[in-house]
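Student: This is the structure, below, for whatever I ask next.
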Amino acid sequence: MHWLFGDQLGPHFIASDEDGPGHDTPLLMIEARSVFRRRRFHRAKAHLVLSAMRHRAAELGDRVTYVKADTYREGLARAVGSDPVTVHHPTSHAALKLVRSLPHVRVGPPRGFLVPQGDFAAWADGHGGGRLRQEDFYRWVRRHHDLLMEGDAPAGGRWNYDHDNREAPPRGQKVLQVDAPYRPREDEIDDEVRRDLDRWERDGDVTFVGHDGPRSFPATRTEARAALKRFIDRRLGTFGPYEDAMLAADPAMSHSLLSAPLNLGLLDPMECVEQAETAWRSGHAPLNSVEGFVRQIAGWREYVWQLYWYFGEQYRHSNALRHTAPLPTWWQDLDAEAVRARCLSTVLAEVRDTGWTHHIPRLMVLGSHALQRGWDPAAVTDWFHRCFVDGYDWVMVPNVVGMSQYADGGRMTTKPYTSGGAYLNRMSDLCGPCRYRPRERTGERACPYTAGYWAFFDRHRDRLARNQRTARSVRQLDQLADLAEVRRQERNRGETPP
Ligand code: FAD
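Rendered as structure tokens:
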């Protein structure tokens, strides 16, 4: 038998080759209720994962044994006893430990990533191990896979089109002028999952957070391919320029919304980048957008996966800034109504309603606020993991511990990602009607991000003064006439929502 985890749902997980199961090897899927009992997940996430697993089982028909059990161990024992089982390398340290501890389970290599882990380790060791740069890795992947290349040179003569991207949102537009993203239609499997979730909640067995439904992310290979096609054909062209911009009334803008189907294993990253490249070569999408998208998938996604394994199991406990504050209840409950700062309230509502926001709200609104408040990075990681439809251990740990909370002291990024209100104001339409003013750092109308930014620099001034990318802000800090007032105000903030 070959065992498929809930994030191994695409055809590439059962492709027959030397490492995969045979054409007619029987398959096993296990739905483990304890996963949901242990932690309070977003309900839309629980719905999506279970819907995707059950859809896959329905497609595979008699070939699959689908077990509903309390734990994976129990499900496995029930389905196969001690018969031999194969499985592809799972995506978390915990799951890998589990499958390796079972004597009759043989673990094959991972599927759904572009670079074998051993190759990455060799590359990283060759780069001094400590100071790795995503940009170097990304170029290596481009060369290695001949992605967007013209001979030995990058397509168009440049590796990086960031200069043409990262624009502020178009002035005067409440929504980006681009076709809407793909949205699936629910069926009876979705209804059945929803009834099960209702029953589990009624029984007091599990509790969820957030709103569920209608499902907005693909749960099948057919839906995932339709979502990819719609993005490539109708939305990729404007992806690059507005990658970093935010609009209150347009959460998706030109983003692909493909992280959930990619992380469920419904899409293979190679097909995504190849289709984007084909769109450019056939004149259907500009190079800056195509390069920006390829960078996200072949660069960032792949890098994050590799770092998760390369940095090892202890990395998740990193806490270089010694941040220990607990997450307040309004944040845990996604209580957007309790928040008066318009940016944070808008983004928290997006998470509550869909379990998704794009990269910049995650990094510069949610993550930045948590960093400025000094919240425990492990608790922040857990919160992101539970509340986002695309959240899995491998992708959350580096993105939150490393990129967003700087808890690794700079192993993943060269400086902490945080900003005052001026950046948010420049890159969004969120600040205009807000009761707080981006330029003010003290008083009734002080923007919590502006005040929080200076308070963060003040608390960590020694470390940040030694970093050439942040030293200038530390020098500016020393020129603030009202620093004592900023300190007093931030000390008194407590757990009150901003
Ligand atoms: P697009 O903007 O369209 O980008 C295309 C694809 O690139 C994404 O679908 C994704 O697969 C990939 N990608 C881009 N950046 C990253 C990255 N840093 N890490 C991994 N993949 C990346 N992404 C997740 O898939 N799961 C997560 O749990 C997750 N948590 C995050 C938490 C924080 C604090 C931050 C700062 C980022 C996180 N990301 C995560 C990365 C990124 O924000 C999302 O992949 C992206 O917003 C998903 O929306 P999209 O599919 O429209 O992405």
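In terms of the working numbering, the sequence shown is residues -12 to 485. No residue lacks a Cβ here, since even glycine has one placed at the ideal position from N, Cα and C.
#1: Quick check on Thr311: buried or exposed, where buried means 16 or more other Cβ atoms within 10 Å of its Cβ?
#2: Helix, strand or coil for Glu230 per DSSP?
#3: In chain order, which alpha helix (DSSP H) runs of at least 4 residues are fully inside the segment 6 to 65?
#4: Between which two residues does the alpha helix (DSSP H) harbouring Gly113 extend?
#5: Quick check on His372: does DSSP put it in helix, strand or coil?
#6: Note the first and the last residue of the continuous alpha helix (DSSP H) segment covering Arg189.
#7: CB-CB under 6 Å to Tyr290, same chain, minus the five flanking residues each way: which ones, in chain order?
#8: Just list the alpha helix (DSSP H) runs in the segment 229 to 298, keeping only unbroken ones of 4 residues or longer that don't cross its boundaries, in chain order.
#9: Take Thr225 as the anchor and find which of Glu179, Gly(-7), Arg153 and Trp287 has the nearest alpha-carbon.
#10: Work out the CA separation of Gln160 and Pro228 for me, nearest whole Å.
#11: Per DSSP, Leu(-9) forms a beta bridge with which residues?
#12: Considering only the alpha carbon of each residue, which of Arg93, Arg327 and Arg26 lies closest to Ser69?
#13: Who does Trp362 pair with in a DSSP beta bridge?
#14: Quick check: the Cα distance between Ala438 and Arg428, rounded to an integer number of angstroms?
#15: Quick one: give me the first and last residue of the beta strand (DSSP E) that His80 is part of.
#16: How about Asn147: is its Cβ closer than 7 Å to a heavy atom in the ligand FAD?
#17: Could you check if Arg349 belongs to the surroundings of the ligand FAD, using beta carbon to heavy atom distance under 7 Å?
#18: Are three or more beta carbon pairs between the segment 186 to 206 and the segment 27 to 41 nearer than 8 Å?
#19: From which residue to which residue does the beta strand (DSSP E) around Thr483 run?
#20: What does the Cβ neighbour count give for Glu431, buried or exposed, with the cut at 16 atoms within 10 Å?
#21: Compare the C-alpha of Asp449 against each of Asn479, Arg474 and Val461 and name the closest.
#22: Is the beta carbon of Leu350 less than 8 Å from the beta carbon of Ala39?
#23: Is the Cβ of Asn412 closer than 8 Å to any Cβ of chain C?
#24: From Pro348 to Val334, what distance separates their C-alpha atoms?
#25: Does the Cβ of Gln489 have 16 or more other Cβ atoms within 10 Å, making it buried, or fewer, making it exposed?
#26: Is it a yes or a no for the segment 353 to 373 touching the segment 270 to 287, going by three-plus beta-carbon pairs under 8 Å?
#27: Within 10 angstroms of its Cβ, does His304 collect 16 or more other Cβ (buried), or is it exposed?
#28: For a quick check, are the C-beta atoms of Asp369 and Ser79 less than 8 Å apart?
#29: Take Arg158 as the anchor and find which of Ala232, Trp127 and Met136 has the nearest alpha-carbon.
#30: Using the three-state DSSP reduction, which class does Met136 fall into: helix, strand or coil?
#31: For Asn412, does the count of other Cβ atoms within 10 angstroms reach 16, so buried, or fall short, so exposed?
#32: Would Val326 pass as a contact of Ser332 if the rule is Cβ separation under 8 Å?
#33: Considering Cα atoms alone, identify which of Asp149, Met414 and Leu163 is closest to His242.
#34: Could you give the DSSP three-state label for Thr437: helix, strand or coil?
#35: So does Arg288 have its beta carbon nearer than 7 Å to some heavy atom of the ligand FAD?
#36: Flag this pair as yes or no: are the beta carbons of Leu244 and Pro315 separated by less than 8 Å?
Tutor: In short, the structure shows the following:
#1: exposed
#2: coil
#3: 21 to 25 and 30 to 47
#4: Gln104 to Gly113
#5: helix
#6: Glu175 to Arg189
#7: Gln121 and Phe124
#8: 246 to 250, 256 to 268, 274 to 281 and 289 to 297
#9: Arg153
#10: 15 Å
#11: Met16
#12: Arg93
#13: Ala312
#14: 5 Å
#15: Here His80 belongs to no beta strand (DSSP E); instead the alpha helix (DSSP H) covers His80 to Ser88.
#16: no
#17: yes
#18: yes
#19: Thr483 -> no beta strand (DSSP E), and no H or E assigned at all.
#20: exposed
#21: Val461
#22: no
#23: The question asks about chain C, but that chain is absent: this structure has only one protein chain.
#24: 7 Å
#25: The first residue shown for the chain is -12 and the last is 485, placing residue 489 beyond what the model contains.
#26: no
#27: exposed
#28: no
#29: Ala232
#30: strand
#31: buried
#32: yes
#33: Leu163
#34: helix
#35: yes
#36: no
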